[in-house]
Amino acid sequence: MDTPQPIRLAVEAMATRFEIVLVGDDPVRLRAAGEAALAAVTDTEAALSRFVASSFVARLNRTAPGVALRTDPLDREWLLVADELQRLTGGAFDLCHGTDGSLELDDPGATRVRRTSSTARVDAGSIGKGVALDRARDELVDAGVTRALIHGGTSTVVALGAPPERSGWGVRVDLGDGRCVDVELVDAALSVSAQRGQDRLPEGGHVVDARTGTRSRAHEVVACTAPRATLADAWTTALLASGAAPDLRASACARGVTVLVPGSD
Numbered sequence: 132m133d134t135p136q137p138i139r140l141a142v143e144a145m146a147t148r149f150e151i152v153l154v155g156d157d158p159v160r161l162r163a164a165g166e167a168a169l170a171a172v173t174d175t176e177a178a179l180s181r182f183v184a185s186s187f188v189a190r191l192n193r194t195a196p197g198v199a200l201r202t203d204p205l206d207r208e209w210l211l212v213a214d215e216l217q218r219l220t221g222g223a224f225d226l227c228h229g230t231d232g233s234l235e236l237d238d239p240g241a242t243r244v245r246r247t248s249s250t251a252r253v254d255a256g257s258i259g260k261g262v263a264l265d266r267a268r269d270e271l272v273d274a275g276v277t278r279a280l281i282h283g284g285t286s287t288v289v290a291l292g293a294p295p296e297r298s299g300w301g302v303r304v305d306l307g308d309g310r311c312v313d314v315e316l317v318d319a320a321l322s323v324s325a326q327r328g329q330d331r332l333p334e335g336g337h338v339v340d341a342r343t344g345t346r347s348r349a350h351e352v353v354a355c356t357a358p359r360a361t362l363a364d365a366w367t368t369a370l371l372a373s374g375a376a377p378d379l380r381a382s383a384c385a386r387g388v389t390v391l392v393p394g395s396d
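Quick look at the structure:
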C-alpha cells in the first residue's frame, strides 16, 4: 500500500509562522482537523495578547491590583506552570518581569488570579507559543488524529505519534558552537530558547532575568523536551533566564522535563 501524502497547513500568529504536518488515510478529515487546530492557535493569540483589549491578559492588566479576576479553565494550566516556575527560580522567571509586583493565584486550582502591584504588567510571551501548540494538539487528538507534527516558528514543536515506518519524528536541535543534537519525538514537545543573534537588541537579548531585567550569559541556548509544550516552552525560558543552575535542572527532571544544555553532559 502506498504511503499517504502528508497534509500541510500553516497560519501566521504571534509574530511567527505555525505549521502542521498531518499523516493519515482520510485527507478530508485531516484537513478539517488541521484547520481547527490552527484556529485554536489564533484563538490563543487573541486570548493571551496584551495588545488585544478583550484578551484575558489585557483584562488582567486593567484590573486593579489586589482584585482577583476569575480565570477560564483553558488558562489555568499555563498560570499554574508560570506560578511554579516563578517560585522555583526565585523570580528569574516571571510573567510580570521588570516590575516590583507579580501575579498571585487565589487558590491552588488557579480559579482566580490577581496582580500584586499597579506596576505589574502581565506579558505571556514567554509561554504563549507553548500554550497555543498544546491547544492545537488537543484539537487534533479530539478529532482522532494520531500522526502529526506542529511547530511555532521552529522554536517549539509538538509531535503526535510517529510518521509511517518511523519510530518517531526526528528533530535536529542546534546547540551552538557547531554542536547539534538529534531528538526523536513521540507524543511529546520540544522547545528551544536562545540568546545568540540577539545582541543587536538594545536590551542585549530577548530572554532576561526578571529580577534584574538583564540577560543571563551562563548559556546561549537551552532546549527542553516535555509531555506538554507549555511546560517545554516555559522551562526553556526559565532555565535560560536563570543560568540553568543544576538544582533547577533537577527540578525540571522531576517534573518530566528533559534538559539539553551545552556543556552539561
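For the sequence shown, my numbering assigns the number 132 to the initial residue and increments by one for each residue that follows.
No residue lacks a Cβ here, since even glycine has one placed at the ideal position from N, Cα and C.
Helix, strand or coil at residue i [DSSP, three-state]
i           : result
residue 182 : coil
residue 150 : strand
residue 249 : coil
residue 283 : strand
residue 373 : helix
residue 206 : helix
residue 388 : coil
residue 215 : helix
Residue i - containing alpha helix (DSSP H), residue span
i           : result
residue 262 : 259-273
residue 384 : 377-385
residue 189 : 187-193
Residue i burial status per 10 Å Cβ neighbour count (16 or more: buried)
i           : result
residue 361 : buried
residue 278 : buried
residue 224 : buried
residue 250 : exposed
residue 355 : buried
residue 231 : exposed
residue 233 : buried
residue 227 : buried
Residue i versus residue j: straight-line alpha-carbon distance, rounded
i           : j           : result
residue 333 : residue 147 : In this predicted model, residue 333 has a pLDDT of only 31, less than 50, meaning its place in the structure is not dependable; the value taken from the coordinates is given anyway. If you take the alpha carbons of residue 333 and residue 147, they lie about 21 Å apart.
residue 366 : residue 324 : 9 Å
residue 140 : residue 150 : 6 Å
residue 187 : residue 202 : 8 Å
residue 289 : residue 273 : 15 Å
residue 193 : residue 161 : 40 Å
residue 364 : residue 309 : 23 Å
residue 342 : residue 266 : For residue 342, the predicted structure reports a pLDDT of 47, less than 50, and the residue's modelled location is therefore unreliable. A value from the coordinates is still provided. Each residue's alpha carbon lies about 30 Å from the other.
residue 369 : residue 306 : 17 Å
residue 156 : residue 185 : 40 Å
residue 163 : residue 318 : 21 Å
Closest by C-alpha distance to residue i, when choosing among the options
i           : options               : result
residue 244 : 266, 208 and 268      : 208
residue 375 : 221, 167, 182 and 161 : 221
residue 271 : 165, 145 and 392      : 165
residue 211 : 297, 242, 295 and 199 : 242
residue 145 : 260, 358 and 296      : 260
residue 351 : 358, 359, 373 and 357 : 373
residue 154 : 294, 378 and 215      : 294
residue 283 : 379, 388, 176 and 138 : 176
residue 135 : 152, 143 and 142      : 152
residue 382 : 227, 217, 255 and 240 : 217
Endpoints, beta strand (DSSP E) assigned at residue i
i           : result
residue 311 : 310-316
residue 322 : 319-325
residue 305 : 300-307
residue 352 : 352-357
residue 144 : 138-144
residue 235 : 234-236
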